[in-house]
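Chains as they are written, first to last, in this note's numbering: chain X, 1 to 265; chain L, 266 to 530; chain D, 531 to 795; chain F, 796 to 1060. Backbone N, C-alpha and C fix where the C-beta goes; we use that ideal spot for every residue, glycine too. The structure presented is a predicted model; accordingly, all values stated were derived computationally and were not measured. Please read the structure below before turning to the comments.
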């Protein structure tokens, strides 16, 4: 088993300079442990809680930036897609297309993403059971695409709250596809503070540690230099200056889980 | 308060003949109580549980049929839309555009539907709290559209199960928009039988009765002449030959709730 | 089907004078519709959220008061029991023993209550499925007791929140035992305001109406002359001066559900 | 931080010989890692799903056996108590009294257990939020008892299912009391197979690993030499012959979490 990869970056693209700064700081945070990272950022927040919030730079400006990051930092890049006809365009630049959780049952989007040949990371819908993801993966498989990732990001638990059911990790792994754990969205409180979503940033490292101990292929962790001023998902993002020790700690649990240390496994 | 309207029809369009037969039987079932109905059918089931199930006739063939039903039966028609660029085309034919529950936070779809000027019926996402629907409605309101309906259709409750929280009806009514209760999807068991969704048809009339007693503007009830052989949602549809007595019973509760009888209200 | 009975009274006994005043006002509220009521009050709140809250008068003083109410108002009385060895004593005075929801799986308590020969009203645990209540009832049936009531009072839904699943009413009715709906505890927010439970009093009449429309044998509604100053459960109790019109409205729905009016059922 | 302790044993006492055999095998399984264990077994299953299942040996015979195990194996012993007047008697033999989850709000039981001076392990009710346990602990604290353990064992999630919310571990730790994770009851499916509870034994080690990675004071794991024939809780118990490698693996994660290895923490 390979060491965990990290899907990380700011929730939304703000500017080329911002993306560069973030990629640079992430790169620095990953270096001591040699952790591979996939730079993640959204060009469009297509399902914000309310209309009066920032959506992002749009597909053309966004892909332009992601392409620059990819080239300058020699790292794979990921973005989420919301409409079938965005997939081909996004795949020209991105190594991984991500299907948002709310859209995880939209057949046309899954097929369009699959048909690009890019890797596809599907977030498990908050309304789905872990075993339902086999049907989701099968939609992508039907395109001949064999680069699928299944990502746990929390399940609806009462109102405005998610819960992480860690049984989901081994259950989704039964599909044979690599499993990702999204630590920062799992602690989101959707719609929890009126017109935007709240979050419990302090629990993201707790849940990420648990996921590494159980064993995952990758972690998804959004980060920002100043989460409280980020245009979206601030309440659950990890400050980028805390990423290096967090990654080191997660790697230690990943090493132990995957038998790469002298531990009594 | 006007008597309840009924949004009803088969889950998916099968053919013009089938739609005609269903509209005819629905019309007959509604006649004794003078119940107004909106004919509902989908031209595309865009989020089926799995890839190997029937999706429908497609937008052009579907709208052609809906247009004929509208004309022949002189009734409003409703269909659900899944992509922003379908909205304008669908609104040429349909009186009401419906936003599927999974898509109830997709800003572009809500705006595109709102901009058509057609009435918009938004199903509350299984992952949303009732109070979150105020933000959803506000997205449509931002287009100047003032013909919005908010529809309760069940909330995620553990895996593969929905629960109907009837507090949602008065909470959503606080927005000022008419509230609809979807009795047949509320008893769905999403993904509950492997590659398709199960359902508990026997409880749809129970929940519909409760909704009428509390007070709603409309009920959504899918129906079919032979639900067990319907191409989708069979387990929760009501056989069309049971619709007339069901409507009569629901109307009695609606009359009582709205003070149209001699009851001690 | 007999008209609904009402299980009603203050959450906890405060004094003989208070109980008399409440019984008198309840009696007056029930008179116009001829609604039978069972006077309910607790002599001990044995599972308060926190230690620093009032528990009640204790079993001897409490039963003394309940006995007086029973005699003076010629009405059946109900109290909840928490320990097996309280059952026989409570049954000397009370017509109905009630098993609290948290204790609905405690075999010894169910058997002890059953053995008294008094009627037994079991609240469904917040952690139980409706079909689990058949096993609960079977424990009481094993004592030869055939006067069992099963009471829905909400199911855990995320943290500090209950949801009323109205499918539970027909499911529990399959046992053959009369079903009760507890409208005031169903809107409780357990532990919701720190050291005590919150509640959403405004929704109790909504849910009670739904239950009557579906059809129940009895409603459980706690009431108080000044809920905001009641020693327990204030946030969800109905002010006693609103009971008469509420009962009249509920009776109208009950009459319709049970076919006692000229409605088209 | 001390290494994790293990609360372990068969769900219910079967006989002195059986208890001895189990204690011997547990002792052997713990020896290689020097893991301290507390022998757990119940003398009475007071809240079985249904009446027709075995309850156990009763308090006198049960305590007699636990006393012998304590002496012969020089280990602390734990049993659960269900009635206030059992606490003093049980504390004559047992080092730890355990409050069952359903009874975690019963004030008299918590006080009676606290007053014995024995350590008290409270299982968090399936219907409680993690922060509600501060009020539960305060009831015991009010007796002057300062040997309290708070135990996570799953939260109601839909019907017949529990979910483990790992945020509960750090939240309950804020009380200052040691936190225990019950790995085998957390995978229970209460009432899930008709008249008894089902379970998902295969996930108990997964969740136990996650808990160790997050950091707990102790794990609770029920075990049996032949779980499929155990008189209760078979579907979720771990076969005793798999305990030694499981303990070794859990200890490795515990060591890493608590900084006892050379890992990069």
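- Listed as beta-bridge partners of residue 916 of chain F by DSSP are F/893, F/944.
- For the stretch 465 to 479 of chain L, the set of residues with a beta-carbon nearer than 9 Å to any beta-carbon of chain D comprises 465, 467, 468, 471, 472, 474, 475, 476, 477, 478, 479, in chain order.
- Across the stretch 898 to 916 of chain F, no CB contact with chain X closer than 7 Å is found for any residue.
- In the three-state DSSP reduction, residue 505 of chain L falls in the helix class (H, G or I).
- At a cut-off of 8 Å between beta-carbon atoms, residue 159 of chain X makes contact with chain D.
- Residue-level contact by beta carbon holds for residue 697 of chain D and chain L, with a gap shorter than 8 Å.
- Comparing C-alpha distances from residue 309 of chain L to each of L/288, L/341, L/364, L/337 shows the shortest one belongs to L/364.
- Counting only residues of its own chain and dropping the five nearest sequence neighbours on each side, residue 408 of chain L has a CB closer than 7 Å to the CB of 376, 379, 380.
- For residue 202 of chain X, no beta strand (DSSP E) run applies, since DSSP gives it neither H nor E.
- In the DSSP annotation of this structure, residue 53 of chain X is not part of any alpha helix (DSSP H), being labelled neither H nor E.
- Burial state of residue 688 of chain D is buried, judged by a 10 Å Cβ sphere holding 16 or more other Cβ atoms.
- Under the Cβ distance rule, residue 134 of chain X does not count among the residues neighbouring chain F, no pair being separated by less than 8 Å.
- Any Cβ of chain X closer than 8 Å to the Cβ of residue 456 of chain L would place that residue at the interface, and such an atom is present.
- For residue 998 of chain F and residue 889 of chain F, the gap between their C-alpha atoms comes out near 30 Å.
- DSSP, read as helix, strand or coil, puts residue 764 of chain D in helix.
- Interface residue (Cβ-Cβ distance to chain F less than 8 Å): residue 760 of chain D is not classified as such.
- Residues of chain D whose Cβ lies closer than 8 Å to the Cβ of residue 415 of chain L do not exist, since the nearest Cβ in that chain is about 17 Å away.
- Look at residue 518 of chain L: its C-beta is under 8 Å from a C-beta on chain D.
- Residue 786 of chain D places its beta carbon less than 8 Å from that of residue 517 of chain L.
- Interface residue (Cβ-Cβ distance to chain F less than 8 Å): residue 576 of chain D is classified as such.
- One thing to note: residue 302 of chain L has its Cβ within 8 Å of the Cβ of residue 295 of chain L.
- Interface with chain F (8 Å Cβ-Cβ cutoff): residue 656 of chain D is included.
- Residues of chain X with a Cβ closer than 9 Å to the Cβ of residue 965 of chain F are, in chain order, 202, 203, 206.
- Between residue 759 of chain D and residue 715 of chain D, the C-beta gap is not smaller than 8 Å, which leaves the two residues out of contact.
- Counting of Cβ neighbours within 10 angstroms places residue 205 of chain X among the buried residues, the total reaching 16 or more.
- Per DSSP, reduced to three states, the secondary structure at residue 81 of chain X is coil, with no helix or strand assignment.
- Assignment of residue 420 of chain L by DSSP, reduced to helix, strand and coil, places it in the strand class.
- The Cβ atoms of residue 182 of chain X and residue 151 of chain X lie closer than 8 Å to each other.
- By the rule that beta-carbons nearer than 8 Å mark a contact, residue 6 of chain X does not touch chain F.
- With fewer than 16 other Cβ atoms inside 10 Å of its own Cβ, residue 507 of chain L counts as exposed.
- Counted as a single uninterrupted DSSP element, the beta strand (DSSP E) harbouring residue 6 of chain X occupies residues 5 to 9.
- In the displayed model, residue 712 of chain D falls within a strand according to three-state DSSP.
- For a cut-off of 8 Å, the C-beta gap from residue 456 of chain L to residue 128 of chain X is around 7 Å, short enough to register as a contact.
- Of the residues assessed, residue 32 of chain X falls on the exposed side of the cut-off, its CB having fewer than 16 other CB atoms within 10 angstroms.
- One alpha carbon belongs to residue 277 of chain L, the other to residue 496 of chain L, and they sit about 7 Å apart.
- For the C-beta of residue 1016 of chain F, not a single chain D residue is nearer than 7 Å; the gap to the nearest is close to 22 Å.
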